[in-house]
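Working notes, structure below.
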Amino acid sequence: MQKQSVLSASLILSLFSLSSVQAAGFSLIEQSASGQGLSYAGAAANPEDASVMWFNPAGMTEISNNQLIVAAH
645 MQKQSVLSAS LILSLFSLSS VQAAGFSLIE QSASGQGLSY AGAAANPEDA SVMWFNPAGM
705 TEISNNQLIV AAH
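Each residue of the sequence shown is one higher than the last, beginning at 645 in my numbering.
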């Protein structure tokens, strides 16, 4: 019983500690693999895929087909 309560307490404490980590302001701009290949040079002016929407939403007018970009942090 003691082991279960210690495990539960540590789980709850670890969940509450995540909010301070997320609020640290650390962010990587990894919107697409093609953008990383160019080191995001000219990302706002180069509408080669749908990830241009992050930097320049008007660039979406230059894309002629349907695209889906998935990014996770």
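Note that CB positions come from ideal geometry on N, CA and C, so glycine has one too. Since this is a predicted model, take the numbers as computed values, not measurements.
Grouping DSSP H, G and I as helix and E and B as strand, with all else coil, what is E706?
Walking along the sequence shown from the start, residue 706 turns up at place 62. In this structure, E706 counts as helix in the three-state DSSP scheme.
With C-beta atoms as the reference, is A715 less than 7 Å away from N700?
Counting from 1 along the sequence shown, the entry for residue 715 is found at position 71. Counting from 1 along the sequence shown, the entry for residue 700 is found at position 56. Not a contact, by the Cβ cut-off of 7 Å.
Same chain, Cβ closer than 6 Å to I713, neighbours up to 5 away in sequence not counted:
Position 69 of the sequence shown, counted from the start, is the residue given in the question as residue 713. Here the set comprises S676, A694 and S695.
Rounded C-alpha distance that separates L659 from L651
One-based indexing of the sequence shown puts residue 659 at position 15. One-based indexing of the sequence shown puts residue 651 at position 7. Distance between the alpha carbons of L659 and L651 is about 12 Å.
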